[in-house]
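Scroll down for the structure; my scribbles are underneath it.
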Amino acid sequence: MTSIIEEYDLIIVGAGIVGCAAAKAFGSDKRKVLLLERDLSEPDRIVGELLQPGGMNALKKLGLEDCVEGIDGIPCYGYGVFRQGEKVEIPYPVDSDTEKLAVGKSFHHGRFIQKLREAASSTENVTVKEATVNSLLREANSERVIGVIAQSKTEKEFKYYAPLTIVCDGLFSKFRKECTTKTPDVRSNFVGFVMKDLTLPMPNHGHVVLAKPSPVLMYQISTHDTRVLVDVPGKLPSVSNGDLKKYLQDIVAPELPESVRPKFLEALETERLRSMPNGFLPPSVNQCDGMILLGDAMNMRHPLTGGGMTVAFNDVVLLKDYLSHENVPSLAESEIILQKLNEFHWKRKNYCTAINVLAMALYRLFAADQDADLAVLQRGCFSYFKFGGLCVSEPVGLLSGLIQRPIILVYHFFAVALHAIKIETVSNGWAGAHRSFIMLFTVLLLDKPDAKLEQILVNQDIVQEAKSQSPKLIAFLIKKEALSGLVDLFYSLDGDKERMSLIACELLASEIPQLIDAIVLDNQDVLTKLWNFLNTPYSVEPSFSFQAAYFCRIITIFLAKRTIEMLAFIKSTPDNLKLILSNLQSSAVMDLLLTLIRLEEIPEGKGIIQWLSDNGLMINLIYRLDPNLNTEEHSIAQQCISDIVRMSQTSLVESPSLSGNDMIRTLTSRETIQTMIDFMVDTSASNSISSLISCVTIIIDLIRHNNCDLDQETSFAIALGYPNQTVERPSLSLINMLSVLTENIEKFVGLLLRPSQVNTPRTTTPLGFERLKICELFAELLHCSNMTSLNVVDTEGENKPTHGDLLKLAFVRHKVLPVSIDLFFEFPLNNLLHYVVYDSLHQIFNGQMSRESNRQLALSIFNEGRLTDKIVKAQELNDIECAKPKGTRLGYMGHLTFISDEIIKIFEGYPESIISALDDSIDLNKWHQYCMKQLLETKGRDRLPLGDTRSHAMLAMIANQNNNKPSVEDDAEIDEEELNAEEAISNRFGVFESKINDNHGDSEKDTDQNEKHQLVV
């Protein structure tokens, strides 16, 4: 393929509206121009068919006014706007240049284009060629454009050189990206076709019907043809299956004026339906050396108002003046060209700003059916036009390009808004007025081509407006630039823009589906940017906590609304879990982690626990309990693990649970429990007590939230006398945990006897939280050992002790209860300790003594713990204290009363297995005396009514005065009441006297044993 090289002063790509006009203008200025067009046959488009009066004036300045003649064009004198059966005429104003009523022109687009091409090709110095431009030529070692490479229909390749190239290849520009990163924002489509021989309600006017859901535009383009353009928001219905035709018949047709409807429906049956996207593209300063963008390639607005050709022709007029031979002798002068293009950009704002803003604002206003708030402003605008005069002449003068003063646009925006406020105030009071103010704000800012996020966030009501699903606001917020800006403001929570940052955070956390989808589905780089907050080093500053709380709130909402996608994002790399774990000092981040775990409960979240477990979550938390780490780490790990345990509970069948998951199985494994025990007993570490307390708390939570006997009596099946009954194991087995703890009981007893650290100037050793927690652990282990699942007897090994039995025997072997009892009496003021020890004793005394482990445990309390002797001794000390002036009872006396009751019950219930096995050194005589005197007195005193005893005495005296003497029934009641306590205890203590008397005369051994029974009871 041979390349042919040609040189020109100027190359123009695209022989459309702008290209032809530019070729004519620069060719007339004695520039050698090459105009390239892919297809020079007559185009058939549905837009570019109404030229406003301002465009007509520009056409005359270019010497192209003859192009609108001889094409069967129709003069246009203004607009007619139709709304809910009403109409208002908006005529063009007087043209200040001609002092006559301004006139526009409508025509078939293709006929007009061909006229322009003829004018361009007939201009001296202009060459028109049919060729497809494939690429740009650039100067070596430079980005400067110096020409194009084009291919003719004969497939010959041409290289055309010129110091300047104008690209005006339209909406779908191939070369726009060479100069700007901006792309058209397409929000709707025009569906167009021709209606034949229709007489419009307002002849020679453009017709705008404010239909639902969006406007319809109609204007006559030739003697027999009327163009109709239907705006279809969102995704265009399918043409092939008839959905689009049905939409036009059922939704659009009923909204049209009655006189138009028959021709509209007739055309639907005969005409081809064609569509074109409606895009918006704000202009940019041209900084591309050797190349200029013009027309729709540079700047677009909604075609509803027909301003595109007006802007295009005025751009050519202005550009021709800036780049004329007089101002720029050579188009190779790059610096001068770029300077002139900068001036051109700002100068054109005089006419294009008003047309661009009006096009977008009026479109949104006329398509306000989807937005109740904007519908208020639409009603105000329609009413405003009815005033006539300047209320219509100036707005339409701006729209038509006749008035080039943008300040007038601002004036009428405010005027329309204030009028809408007045209407709304009359209808709905000041609440309606406030809403209209918000709409004024929305129109002025959101409809600006260069609207900034920070301008929008100035309004504190913007969050509520977004939650009410304002289409314009949502469309603005879901743009990538806006989303990124919201995240940037999130990172500025403690900066100068704190108020604006709070609004941004509220928007991110407002549960708006479109906003969430835009971040999670469409712009994951924005999501990554937000997620990177976890890379921020933890700080104790309140600002960090505040920011972390917002971050976790936002991510939690994202997880709730887009669970699958968010989990895929989080699970995409193990580093995301590491980031979460590195910020667990923040309570908000810990809550986020727990939220992740809870997602396992829903179908979309299945597998998250397995992923967390596979990536070492539980192991990480366990090693945070290392006694060499600081206490804050211990607290964080304990709280997090305990929450996981609670979520995985198996105690309550009807409650939601994550039971049977890998993390809990890891926690209860032998290796993990042994690691925790090693941490707990490492007395040489700096924070061993904190580690012990945290580990014990976790073990206690494990037992309490996985107790299969929670809703029944402890060891219910065994207590009923069915020791061989097979009980189904719960989903979580505590066997490994209990076994490892059983093997290490001696170490914990050693800590009770020799506390690891005593940081006190006192000569006596305090109990300390460490020893209290160990006692609590022992009590909870007793509960665990009584669980039916840990006392299942295998049929093949009935004589083999169960796991529960092994723990109790370890308690006996290492004297757990005697040591605990010693602490009980050593610290008479520590009620927490008293309760814990009482809990242990209560469990043991109410156990089934037919089990040898229970019996041995009970005997260790009496024989080695000397409990009865210590109770008697404590009572004597208490009596001495109470006898002193202002003396008070010892702190443990209340619990001793309860314990004494438990002892009486066990002695009564198991005389042979317990009493007969008591050590002879135990003084049962003193115990008997204590029970019959001090205990009896205490229980009697406890039955006295609370309050003022003198009041009770007074009431008794009054009762006696009303009766000469007490009745026998009253005496009987009093006597019975006084004797109740004594009889109850005496009956228990005398239960074996008859047995002793019956056995009188037996052998001396039997007599001695019976005497022991009598002393005990």
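Residue numbers (full-length UniProt numbering): 1 to 1017. Ideal Cβ positions, reconstructed from N, Cα and C, are used throughout, including at glycine. All figures in this text were calculated on a predicted structure; none of them were measured in a lab.
Limits of the unbroken beta strand (DSSP E) element including residue i
{"i": "H207", "result": "G206 to V209"}
{"i": "R813", "result": "Run containing R813: none in the beta strand (DSSP E); it sits in the alpha helix (DSSP H), H803 to R813."}
{"i": "D185", "result": "D185 to K196"}
{"i": "L164", "result": "L164 to V167"}
Limits of the unbroken alpha helix (DSSP H) element including residue i
{"i": "C76", "result": "Run containing C76: none in the alpha helix (DSSP H); it sits in the beta strand (DSSP E), I74 to C76."}
{"i": "L34", "result": "No alpha helix (DSSP H) holds L34; the beta strand (DSSP E) holding it covers V33 to E37."}
{"i": "A150", "result": "Counting along the chain, A150 falls outside any alpha helix (DSSP H), though it belongs to the beta strand (DSSP E) covering V145 to S152."}
{"i": "T353", "result": "K349 to F366"}
{"i": "E89", "result": "No alpha helix (DSSP H) holds E89; the beta strand (DSSP E) holding it covers E86 to P91."}
{"i": "P395", "result": "L390 to L399"}
{"i": "M676", "result": "R670 to M680"}
{"i": "P53", "result": "P53 to K61"}
CB contact check: residue i to chain B, cutoff 8 Å
{"i": "M195", "result": "Note that chain B does not occur in the displayed structure, where there is just one protein chain."}
Member of the options whose CA lies at the smallest distance from the CA of residue i
{"i": "G104", "options": "R144, G55, T305 and E143", "result": "G55"}
{"i": "F35", "options": "E481, V126 and G48", "result": "One detail in the question is off: residue 35 reads as Leu in this sequence, not Phe. Checking every option, the nearest Cα to that of L35 belongs to V126."}
{"i": "Q52", "options": "E65, P43, T788 and F825", "result": "E65"}
{"i": "T165", "options": "E157, R176 and L171", "result": "R176"}
{"i": "Y411", "options": "K422, L398, I423 and L402", "result": "L398"}
{"i": "M298", "options": "M932, I609 and R348", "result": "R348"}
{"i": "P93", "options": "V167, V13, V396 and E424", "result": "V396"}
{"i": "Y623", "options": "L593, T650, I677 and Q524", "result": "I677"}
{"i": "A23", "options": "M300, A119 and E876", "result": "A119"}
{"i": "D869", "options": "A312, R670 and S900", "result": "S900"}
{"i": "residue 1019", "options": "K100, S142 and A211", "result": "Since the first residue of the chain shown is 1 and the last is 1017, residue 1019 is not available in this structure."}
Cβ neighbour criterion (16 or more within 10 Å) applied to residue i
{"i": "K340", "result": "buried"}
{"i": "L832", "result": "exposed"}
{"i": "Q287", "result": "exposed"}
{"i": "R889", "result": "exposed"}
{"i": "W346", "result": "exposed"}
{"i": "N707", "result": "buried"}
{"i": "E511", "result": "exposed"}
{"i": "P163", "result": "buried"}
{"i": "H325", "result": "exposed"}
{"i": "residue 1021", "result": "A question about residue 1021 goes unanswered here, because the residues of the chain that appear run from 1 up to 1017."}
{"i": "H224", "result": "exposed"}
{"i": "I503", "result": "buried"}
{"i": "A810", "result": "buried"}
{"i": "G607", "result": "exposed"}
{"i": "I5", "result": "exposed"}
{"i": "R499", "result": "exposed"}
{"i": "N583", "result": "buried"}
{"i": "Q649", "result": "buried"}
{"i": "K995", "result": "Bear in mind that a pLDDT of 36 at K995, under 50, signals an unreliable position, so the number given afterwards is only what the model happens to contain. K995 is exposed by the Cβ-count criterion."}
{"i": "P537", "result": "exposed"}
{"i": "P215", "result": "buried"}
Cα-Cα separation between residue i and residue j, rounded to whole angstroms
{"i": "V540", "j": "S383", "result": "59 Å"}
{"i": "R405", "j": "Y351", "result": "7 Å"}
{"i": "E7", "j": "E155", "result": "20 Å"}
{"i": "A482", "j": "F476", "result": "7 Å"}
{"i": "V18", "j": "N535", "result": "52 Å"}
{"i": "L304", "j": "S468", "result": "27 Å"}
{"i": "M618", "j": "I641", "result": "8 Å"}
{"i": "Q114", "j": "I90", "result": "31 Å"}
{"i": "F344", "j": "L229", "result": "33 Å"}
{"i": "S951", "j": "L944", "result": "With a pLDDT of 47 at S951, under the threshold of 50, the modelled position of that residue is not reliable, and no figure is offered here."}
{"i": "D243", "j": "F385", "result": "36 Å"}
{"i": "V47", "j": "N278", "result": "10 Å"}
{"i": "G290", "j": "R38", "result": "22 Å"}
{"i": "V88", "j": "F82", "result": "7 Å"}
{"i": "E258", "j": "M202", "result": "13 Å"}
{"i": "E178", "j": "R301", "result": "21 Å"}
Item to check | Length at least 4, wholly inside the stretch 296 to 335: the alpha helix (DSSP H) runs in chain order | outcome: Taken in chain order, the unbroken stretches of alpha helix (DSSP H) that lie wholly in the stretch 296 to 335 and span 4 residues or more are 308 to 322.
_So within the stretch 578 to 636, which uninterrupted alpha helix (DSSP H) runs reach at least 4 residues, ignoring any that extend past its ends?_
Within the stretch 578 to 636, the complete alpha helix (DSSP H) runs of at least 4 residues are 587 to 598, 608 to 614 and 617 to 623.
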